[in-house]
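In full-length UniProt numbering, the protein residues as written are 1 to 80.
Structure below.
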């Protein structure tokens, strides 16, 4: 494996780790939202609002990381 291939592999590893982290975070937030929605005695929506903001933020980050992964797939490390 040459330096270009090693660098590209490191980039793939980094981006794939980010994608996995964002997906896990999204699942956790969605579970929290679902649990929060089941509680009828909660009058304060500020916690729910923060969860939705966090969900939106992580969804955007996931989209960006996925785009980065697609760009990385276009790179040919053997080409000069």
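Beta carbons are placed, not taken as given, at the ideal position from N, Cα and C, and that holds for glycine. Model, not experiment: these values are computed from the prediction.
- With 16 or more neighbouring CB atoms inside 10 Å of its own CB, residue 29 falls in the buried class.
- Taken through DSSP and simplified to helix, strand or coil, residue 2 comes out as coil.
- In the DSSP assignment, residue 51 falls within the unbroken alpha helix (DSSP H) covering 46-73.
- Looking from the CA of residue 53, the closest CA among 7, 21, 80 and 32 belongs to 32.
- For residue 55, same chain residues with a beta-carbon under 8 angstroms away, outside a window of 5 residues either side, are 26, 29, 30 and 33 in chain order.
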